[in-house]
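This report refers to the structure that appears directly beneath it.
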Amino acid sequence: MSSHEIVISADDRPSLEELVGLYDAVGWSSYTTAPEVLEAAIEGSSRVVTARYGEDLLGLARVLTDGASIVYLQDVLVRPELQREGVGRALVHAALEPYAHCRQKVLMTDDEPRQRSFYESLGYQEIRDHGDGRLRAFVRFDET
Numbered sequence: 009m010s011s012h013e014i015v016i017s018a019d020d021r022p023s024l025e026e027l028v029g030l031y032d033a034v035g036w037s038s039y040t041t042a043p044e045v046l047e048a049a050i051e052g053s054s055r056v057v058t059a060r061y062g063e064d065l066l067g068l069a070r071v072l073t074d075g076a077s078i079v080y081l082q083d084v085l086v087r088p089e090l091q092r093e094g095v096g097r098a099l100v101h102a103a104l105e106p107y108a109h110c111r112q113k114v115l116m117t118d119d120e121p122r123q124r125s126f127y128e129s130l131g132y133q134e135i136r137d138h139g140d141g142r143l144r145a146f147v148r149f150d151e152t
């Protein structure tokens with residue numbers, strides 16, 4: 009499959025069945041155990057971009073933003089068989105394109121070498137490595 013045949017779009021809203029299939033394919037089962045929450049998350053996103061080959065959903069990226077100062081890059085998913093083929097990079101660029109003027113672009117991801125390498129190749133760095141190392145990030149996960 010050539011990347012020239014893959015269509016990246018911000019005008020596409022996948023069906024719930026497609027979303028569950030994609031999230032399951034990458035092993036993100038915490039999303040698929042509550043499909044109604046996944047659907048609400050997609051609907052509540054500021055921007056959602058998809059990658060398709062014909063009718064097949066290959067990937068998705070979504071962001072949350074105030075549109076002025078901060079963009080949170082949330083899910084970036086690409087079917088395993090297409091990872092490292094440029095699809096994820098294209099999705100991230102398309103998802104963030106309207107927010108190039110925003111100063112802060114934030115994401116949180118697993119501590120996995122391939123993910124680190126991917127995000128570093130896009131100019132991201134771990135918060136402790138930014139500037140003089142005095143920035144801190146905090147997170148809280150509530151059990152549902």
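For the sequence shown, our numbering begins at 9 and goes up steadily by one. The beta-carbon is built from N, C-alpha and C at its ideal position, and this holds for glycine as well.
- Item | Cα-Cα separation, Ser53 to Glu26 | 17 Å
- Query: Which residue or residues does DSSP assign as beta-bridge partners of Val57?
  - Reply: Under DSSP, the beta-bridge partners assigned to Val57 are Ala69.
- Starting from Leu85 and walking both ways along the alpha helix (DSSP H), at which residues does that stretch end? Looking at the DSSP string, Leu85 is not in any alpha helix (DSSP H); the run it does join, the beta strand (DSSP E), is 78 to 86.
- Query: So does the region 115 to 132 actually touch the region 45 to 59, counting three or more Cβ pairs closer than 8 Å?
  - Reply: no
- Message: Which residue wins for smallest C-alpha separation from Arg148, given the options Arg87, Met116, Gln123?
- Response: Met116
- Query: Residues in its own chain within less than 8 Å of Gly29 by CB, not counting five upstream and five downstream?
  - Reply: Leu65
- Three-pair Cβ contact test at 8 Å for the region 78 to 90 versus the region 103 to 119: The region 78 to 90 is in contact with the region 103 to 119.
- Cα separation between Glu51 and Val100? 18 Å
- Task: Quick one: grab the DSSP three-state call for Ile50.
- Result: helix
- Item | Ser23, enclosing alpha helix (DSSP H) - first and last residue | Run containing Ser23: none; DSSP gives neither H nor E here.
- Query: Mapping DSSP to helix, strand and coil, what is Val15?
  - Reply: Of the three classes helix, strand and coil, the one that applies to Val15 here is strand, per DSSP.
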